[in-house]
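In our numbering, the protein residues as written are 33 to 107.
To keep things clear, I will list the structure first and then write my remarks on it.
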C-alpha cells in the first residue's frame, strides 16, 4: 500500500522513521537490524534522502521532525 502523495509504501515510511529515530538515539544495534531486514534498501535510501530534503526545508529540530513523521504515519 502506497501512502498518498509520497510514492512510498507505509512499511517503507515506518522503517525510515524507525531508522531516523534509532540514529538520533545512537542505537547502532537497531540501525543494523533495520538495515539488515529491509526489503528494498534502494527504496529506503531514496526515502531517507527525500526526508532529509524535507527536514532541511522545514528547519525543524531532528527530534521534532521524527516525532511529527511518526504521528503522521502511525495514524
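Even for Gly, the Cβ is constructed at its ideal location relative to N, Cα and C.
Which value, in whole angstroms, describes the spacing of the CA atoms of residue i and residue j?
| i | j | result |
| --- | --- | --- |
| residue 102 | residue 46 | 8 Å |
| residue 87 | residue 61 | 24 Å |
| residue 74 | residue 44 | 11 Å |
| residue 27 | residue 52 | Only positions 33 to 107 of the chain appear in the structure, and residue 27 is not among them; the question remains open. |
| residue 85 | residue 56 | 17 Å |
| residue 64 | residue 72 | 15 Å |
Excluding five sequence neighbours on each side, which residues of the same chain lie with their C-beta closer than 8 Å to the C-beta of residue i?
| i | result |
| --- | --- |
| residue 90 | 97 |
| residue 50 | 62 and 66 |
Using C-beta distances below 7 Å, list every residue in its chain close to residue i, excluding the 5 sequence neighbours before and after it, in chain order.
| i | result |
| --- | --- |
| residue 48 | 76, 79, 80 and 83 |
Worksheet item: Quick one: complete alpha helix (DSSP H) runs, 4+ long, within the segment 55-90?
Response: As for any alpha helix (DSSP H) of minimum length 4 sitting wholly inside the segment 55-90, the runs are 60-69 and 73-90, ordered along the chain.
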